[in-house]
Amino acid sequence: MEFQLAAELMHNSFTLNEKELAKSYSESFYHDEPSQTVYVRRACFQLQNVIEEVQEYMKVNNHHYLCRLVLYCDTIDLPEELVVGYEDPAKHLELRVFARKVQCQNPSNALRMHFSIDCQLAIYTYALQEGFTVRFLFPDREPQPVKLSIDEDKWGIEVNWTEIDFYIEQQDSRSLDMTTADYLSRIKSDGTLEKRSFVRYNDNLPRLVAYQFLVAATVIRTKPQLALGILNWVCNLSASENSVALNIQACCLRNSLVLSQERKVFSVPSVNIYASKQVLESRLAARMAFEQAFQNFVAQERASAAMLGQTMNLIAKSEDAMSEYAFLEEVSQKAYRPAQSARESAFQRYNNNTDLIPLQNAFSKGLDDWVRKENIEAAKSVFSACIGTIGAIAATVASGGLAAPMVPAATYLQTQENLCQRGNELALVLLKVKLQHKDQKRLALSATATEQQGAVLDLLKRAMFDRLLTIRSLVFLDFQIYSEAYMFHALTDRPPVHISPVKPVPDYLEDAAKFQSNIATFGSRVMLTLRLCKVSFSEVMLSMLHRCYLEGATAASSVEKNDLRLLLRTSGRFYDINLPGSKKDGPVEYNAYVGDARTLMFEYNIDDGSITCDAEYGQRLDYTQHSPLTEWAISIAPGGLQAKDLDMSGITGLRMELWCDFTLRL
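Have a look at this one:
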């Protein structure tokens, strides 16, 4: 498609960092789940492909069937034999298309659509091809072919079914909402974003029109016919109070393009080309400051994105650490439980042995008494050997543990030490797990805050990018206006510079230098020409309309003030013509020029002819003076004598005085 190629050419003018933003500026895909509506905006569409894409999206995301499809594009192509809608009468589809151009291979079979009382087909465009026919398919009747056409003063057509007949309504462009969404108002006082309904606040149409304007400005020199068609669409669609700024820019560019397409017709902006250096430099400096601020903001947004990435990386590492600590906790618990069991067993054996000490003491004392009584020493040695172990334990207890303990006591102490060690390891692991949980909560809060900040920064970045494109288009118009003024003065049809409406403002500095070089060259030629003219011949040049009088008109009755105000209007179109008596034979050759329409006011006293306001005052700010040899419309202005106050019976004519510049031969 021709527009697609032009759009790709414009995208190539963006920097690498801006290409992604430029893509999001021209493309959009949104699904409104409550209404089961999908909004898609792109440069060009092939209807079958976009329907398949939307159906695949609904299937992958487990959504119910699509009820409404709204498409925004410059050009849409309708393939032959394409059928849209659902055969199931329980399902319905509304199809709405906003497109500058609707293409189809066979207008007599442009589209086939399953239709019912709940379905709707709406197409908003300039005009449809001759014989554009849509065949509506019904479950209980034969297909109904309907020829559709759009009236000249309308902008679209809607088709509905009343169960009896079709109801076709022509649409006006004034019913279209061209309000651009205010993204900054979505930022709440706490710094978070406010969620809004996309259905209510969507601005796909004005963004599409602004995008089309940039594409047209890009190819205005290389593809003027395509640019003219796009600008006609933009000018008419943006003719509303909500898009007046875009309308002014588009109309200015369109008028210049229309004139350049006509033979020997030039646009004449009223600007001082010799002051272009100061004007362009000051404007470029102001706009470059904004562009630099935008670049700094984008860098900050990238830093925020990097911070969010680092935070998410820390969260992932924290989760890995928690998994590792969970494993260590399990291992420590397994080691701690046997240690605790061994300690309890050793403690039980130690207590059992300790409980035998009083019995051993009593037994030893009784044994001593019995031996003394029976005088049997051999028996004592035998019995003493049997209680040696108990005696050793008693010695340990009696010495307060200073003596070397026996095996049960040593085992108990070792198990106690092992239990303390395992318990210490388990406590450390549990502490680290607790700290990791706290860290993860803090990291999650930080990630949420950074993510919210990133969403706000992304919103601000896109809003600033919109304004950046607006500023660049204004720079483009500045250069366009000064180039046209230069072409008028230099009598050339070649612009001094070729510029793009989307390239960065710093790149315009080179264009400004080249433009100033052309101005300087032209100025030197003009001064040389003036010098030659002064020494070679004399001339009289008519430069401006000065005064206008109604000869013979008088006041009909006595009034307090006999001042007459005349408005002198011209369309702004003037010509270079061969004067009568020219030596050239054949048809008169001329160049046509179109500038700003002018309205001058001349006020004088009708009795004595004294001048109150000279028409010259209204032309002093015109850097480019139009020839007074053109068509003038003269009317009586309010604020002075009116037609009822004048006696026209003695009027003899209309006298106009022109300002003349004389050049005398020396």
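Numbering-wise, the sequence shown is residues 1 to 666 according to our numbering.
Virtual Cβ for every residue (Gly too), placed ideally from N, Cα, C.
Keep in mind the model is a prediction, meaning the values are calculated, not measured.
Only counting the same chain, and skipping five residues up and downstream in sequence, which positions put a Cβ closer than 7 Å to that of residue i?
i	result
His489	Ile273, Phe522
Met10	Leu214, Val215, Thr218, Val502
Phe136	Met113, Phe115, Pro143, Gln144, Val146
Cys386	Low local confidence applies: a pLDDT of 49 at Cys386 is under 50, so the model's placement there is unreliable, with the coordinate-based value given in what follows. Cβ neighbours of Cys386 beyond the five flanking positions: none.
Asp172	Lys154, Trp155
Asn12	none
Cys252	Leu477
Arg186	Leu193, Glu194, Arg196, Leu459
Check whether the Cβ atoms of residue i and residue j sit closer than 8 Å, and answer yes or no.
i	j	result
Leu459	Leu193	yes
Met178	Ser240	yes
Leu128	Ser108	no
Gly85	Tyr124	no
His546	Glu631	no
Phe297	Met464	yes
Leu228	Leu257	yes
Asn255	Ser243	no
Ser276	Phe515	yes
Ala696	Ile651	Missing from the structure shown is residue 696; the chain here goes from 1 to 666 and no further.
Glu94	Arg68	yes
Gly572	Arg598	yes
Arg41	Leu208	yes
Leu205	Phe98	yes
Asn562	Leu641	yes
Glu169	Ile117	no
Residue i and residue j look like a contact to me (Cβ under 8 Å); what is the Cβ gap, rounded to whole Å?
i	j	result
Asp645	Ala556	6 Å
Ala7	Val265	At roughly 29 Å, the Cβ-Cβ gap does not stay under 8 Å, so Ala7 and Val265 are not in contact.
Ile606	Leu568	Not quite, the Cβ-Cβ distance comes to about 17 Å (not below 8 Å), so this is no contact.
Leu66	Val54	6 Å
Gln120	Val60	In fact, because the Cβ distance is near 26 Å, the residues do not count as touching under 8 Å.
Tyr508	Leu284	6 Å
Gln249	Ser500	That pair is no contact at about 15 Å.
Arg462	Tyr126	So it is not a contact: roughly 30 Å between Cβ atoms.
Residues in the same chain with beta-carbon distance under 6 Å from residue i, minus the five sequence neighbours each way, listed in chain order, please.
i	result
Asp661	Met541, Ser543
Ile611	Tyr604
Ser627	Phe574
Arg100	Asp74, Trp233
Gly653	Glu551
Gln46	Asp77
Leu259	Val265, Ser267, Val594
Phe132	Pro107, Ala110, Leu148
Name the one or two DSSP bridge partners that residue i has.
i	result
Ser635	Leu567
Asp32	Thr37
Ser267	Val594
Arg141	Phe138
Asn605	Asp563
Gln46	Asp77
Val84	Met113
Tyr72	Arg41, Phe98
Asp172	In the DSSP output, where bridge partners are listed per residue, Asp172 has none listed.
Phe522	Beta-bridge pairing links Phe522 to no other residue.
State the Cα-Cα distance for the pair residue i and residue j, rounded to the nearest angstrom.
i	j	result
Thr180	Gln480	26 Å
Leu532	Met487	The pLDDT assigned to Leu532 is 46, lower than 50, so where the model puts this residue is not dependable, and the model offers no usable value.
Asn247	Glu152	20 Å
Leu16	Trp161	50 Å
Trp659	Tyr549	15 Å
Ala299	Lys19	15 Å
Asp596	Ser28	39 Å
Ala122	Tyr25	25 Å
Ile634	Val594	20 Å
Asp203	Thr37	15 Å
Glu87	Pro139	7 Å
Asp614	Glu484	30 Å
Glu291	Leu469	10 Å
Glu81	Val70	21 Å
His498	Lys23	24 Å
Lys188	Asp466	21 Å
Ala657	Pro269	Residue identity check: residue 657 is Glu in the sequence provided, not Ala. Glu657 and Pro269: Cα-Cα distance of roughly 25 Å.
Glu130	Asp165	23 Å
Asn518	Leu457	43 Å
Gln48	Gln105	14 Å
Glu560	Thr570	32 Å
Tyr57	Tyr39	12 Å
Ordered along the chain, which non-local residues of its own chain (more than five positions away) have a Cβ less than 8 Å from that of residue i?
i	result
Asn62	none
Asp647	Ala553, Thr554, Ala555, Ala556
Ile230	Phe3, Asp74, Arg100, Gln212, Phe213, Val215, Ala216
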